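Asks: Under our numbering, the residues of the sequence shown are numbered 3 to 113, in order. No residue lacks a Cβ here, since even glycine has one placed at the ideal position from N, Cα and C. A quick note: this is a predicted structure, and the numbers were derived from the prediction, not measured. My structure is below; once you've seen it, I'll send some questions.
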Amino acid sequence: MQGNEPDPRFTLANERTFLTWLSTSLALSAGGIAMAVVPESVFVPWVRTALALILVLLSAVAAVTAYPRWRRIQRALRLDEPLPPPALAPLFGYGVAMVAILALVLILLSP
């Protein structure tokens, strides 16, 4: 990789962030699987499936984008450029919030 070797603390922090994105992906995937096996008495099947799919899709996006984001940040560190913004953070924040709010409403409305 071109540029200067960055301070090891920054490289290691970047690596921890990469691993955190992968951990987040695993957690979202586990949440999606858990949602898929929720009893039918809690959610109607199509809602349960939709919530599970959203969580698993967010999981896939987190996993697929983790490494390219690590590379972009590492490149910026080496070239002493500004760090790229976390463009997908709003997607994950709003996506998980949407699932949580919908699940909460459905739990409150279930008999």
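Going by the CB atoms, is the gap between Leu81 and Pro8 shorter than 7 Å?
Replies: Cβ atoms of Pro8 and Leu81: not closer than 7 Å.
Asks: In its own chain, which residues sit with a C-beta less than 8 Å from the C-beta of Val58, not counting the 5 before and 5 after it?
Replies: For Val58, where only same-chain residues beyond five positions count, the Cβ hits under 8 Å are Leu30, Ser31, Gly34, Ile35.
Asks: Taking one C-beta from the region 46 to 58 and one from the region 80 to 95 each time, how about it: are there three or more such pairs within less than 8 Å?
Replies: These segments do not touch.
Asks: Using only alpha-carbon positions, find the residue among Val40, Ala68, Leu14 that is nearest to Ser25.
Replies: Measuring from the Cα of Ser25, the nearest candidate turns out to be Ala68.
Asks: Can you check whether the CB of Asn6 is closer than 7 Å to the CB of Gln76?
Replies: No, these two residues do not count as a Cβ contact at 7 Å.
Asks: Classify Met37 as buried or exposed, calling it buried when 16 or more other Cβ atoms lie within 10 Å of its own Cβ.
Replies: The residue is buried, with at least 16 neighbouring Cβ atoms inside 10 Å.
Asks: Looking at C-alpha atoms only, which residue of Leu111, Val46, Leu85, Leu108 is the closest neighbour of Phe12?
Replies: Closest by alpha carbon: Leu85.
Asks: Tell me where the alpha helix (DSSP H) around Gln76 begins and ends.
Replies: Note, Gln76: alpha helix (DSSP H), 47 to 81.
Asks: Does DSSP put Ser112 in a helix, in a strand, or in coil?
Replies: Looking at Ser112 - three-state DSSP - the assignment turns out to be coil, as it is neither helix nor strand.
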